[in-house]
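Participant: Below you will find the structure I want to go over with you.
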């Protein structure tokens, strides 16, 4: 499954994501909570790891599965927000909005 950088962390609660820093995968985890300003997320505890805070200011990035991005765009279209072909841009490697590869 392909994962893509996603900057709107406030919408990720309950989603399995990848945490990256400096071009390296740090952890795959489920997001337990996030700040409204998308600056911090907490990963849920699991069998091998405690609950942990991840801070954008410290260089961490969150990557989400493409299917999550596709669902978010579908929801935006249903709510009447203007679509801008983000998924197509991502698949073509030109996505420059909330998410990038």
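Numbering (our numbering), first residue to last: 12 to 112. Even for Gly, the Cβ is constructed at its ideal location relative to N, Cα and C.
For residue 78, count the other beta carbons within 10 Å of its own beta carbon; 16 or more makes it buried, fewer makes it exposed. Which is it?
Facilitator: The residue is exposed, with fewer than 16 neighbouring Cβ atoms inside 10 Å.
Participant: Name the two residues that bound the continuous alpha helix (DSSP H) containing residue 24.
Facilitator: Run containing residue 24: none; DSSP gives neither H nor E here.
Participant: Do the CB positions of residue 67 and residue 54 come within less than 8 Å of each other?
Facilitator: No, they are not a contact pair.
Participant: I'd like the list of long-range same chain contacts for residue 64, defined as Cβ closer than 7 Å, with 5 residues on each side in sequence excluded.
Facilitator: So the qualifying residues of the chain are 51 and 53.
Participant: Spatial neighbours of residue 102 within its chain, please: CB distance less than 7 Å, with the 5 preceding and 5 following residues excluded, ordered by chain position.
Facilitator: Bear in mind that the predicted position of residue 102 carries a pLDDT of just 49, short of 50, making it too unreliable to give a figure here.
Participant: CA-CA distance, residue 21 and residue 12?
Facilitator: Rounded to whole angstroms, residue 21 to residue 12 spans 22 Å at the Cα level.
Participant: Measuring straight from C-alpha to C-alpha, what distance separates residue 58 and residue 38?
Facilitator: Each residue's alpha carbon lies about 13 Å from the other.
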